[in-house]
Amino acid sequence: MKTLKKNCTFCKIVDGSISARIISQNDKAVAFLDAFPLSLGHTLIIPKRHYSKIQEMNREFSSALFDLLRVVTPAVEEATGVKASTIAIHNGLEAGQEILHVHIHIIPRISGDGAGPVHSMFKNRPKISSEKLDSMLDRIKERVELS
């Protein structure tokens, strides 16, 4: 069973040794304002146990995490006066995850904020053939069926 890690910033928020601006929580997840916001109201939601990646989480913790996301997202949007937000998870170091504890970003967005869609993150997009896409589809589906 996973627990908290001593040197993890988010685990320290969970155990109270680092303070945070807590918005809401349930028994397995907590939502708080990001200390280094990309926009006013930028919120993080984390599980109260240390998991580095989404696939490590059990159903209980992932359900609690996404239940809190479902409740907090409209509250953040209404409080900040925006009509939309980007909801993001970086799943692993190579994907840009800076703190290796699962966390979901809720980033309030407005037109012209300069952030752009997720596709704008990738400057060198690969050219992939239909055959390669079909092969990848089969490989992924096979692994999903095995889980």
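Residue numbers (my numbering): 2 to 148. Yeah, the Cβ is synthetic: ideal placement off N, Cα and C, and Gly gets one too. Since this is a predicted model, take the numbers as computed values, not measurements.
- [ ] In angstroms with no decimal places, state the Cα-to-Cα distance between Ile105 and Gly17.
- [x] As a position in the sequence shown, residue 105 is number 104, starting the count at 1. As a position in the sequence shown, residue 17 is number 16, starting the count at 1. Each residue's Cα considered, the two are about 20 Å apart.
TODO: Quick one: using the 10 Å Cβ neighbour count with 16 as the cut-off for buried, is Leu44 buried or exposed?
DONE: Taking the sequence shown and counting its residues from 1, the one referred to as residue 44 is at position 43. According to the sequence shown, residue 44 is Thr rather than Leu. With 16 or more other Cβ atoms within 10 Å, it is buried.
Task: Leu5 (DSSP reduced to helix, strand or coil) - done: Within the sequence shown, the letter at position 4 stands for residue 5. Residue state, collapsed to three classes: coil.
Task: Endpoints, beta strand (DSSP E) assigned at Pro48 - done: Mapped onto the sequence shown, residue 48 falls at position 47. It spans Thr44 to Pro48 - the beta strand (DSSP E) in which Pro48 sits, taken as one unbroken run.
- [ ] Can you give me the Cβ contacts of Gln98 inside the same chain, cut-off strictly under 6 Å, excluding the 5 residues immediately before and after it?
- [x] For this step, residue 98 is matched to residue 97 along the sequence shown. Excluding sequence positions up to five before and after Gln98, its CB lies within less than 6 Å of the CB of His91, all in the same chain and listed in chain order.
Task: Of the listed residues Leu69, Lys124 and Asp35, nearest to Pro48 (C-alpha basis) - done: Your numbering for residue 48 matches position 47 in the sequence shown. Residue Leu69 is the option with its Cα nearest to Pro48.
Open item on the list: Helix, strand or coil for His120? Go by DSSP, reduced to three states.
Closed with: Along the sequence shown, one-based indexing puts residue 120 at 119. If DSSP states are grouped into helix, strand and coil, His120 belongs with the helices.
Open item on the list: Do Val77 and Ile107 have their beta-carbon atoms positioned less than 8 Å apart in this structure?
Closed with: Residue 107 sits at position 106 when you count from the first residue of the sequence shown. Residue 77 sits at position 76 when you count from the first residue of the sequence shown. Yes, these two residues count as a Cβ contact at 8 Å.
Task: Residues near Asp114 in its chain [Cβ-Cβ closer than 7 Å; skip 5 each side] - done: If you number the sequence shown from 1, residue 114 lands on position 113. Listed in chain order, the non-local C-beta contacts of Asp114 below 7 Å within the same chain comprise Ser40, local neighbours out to five positions each way being set aside.
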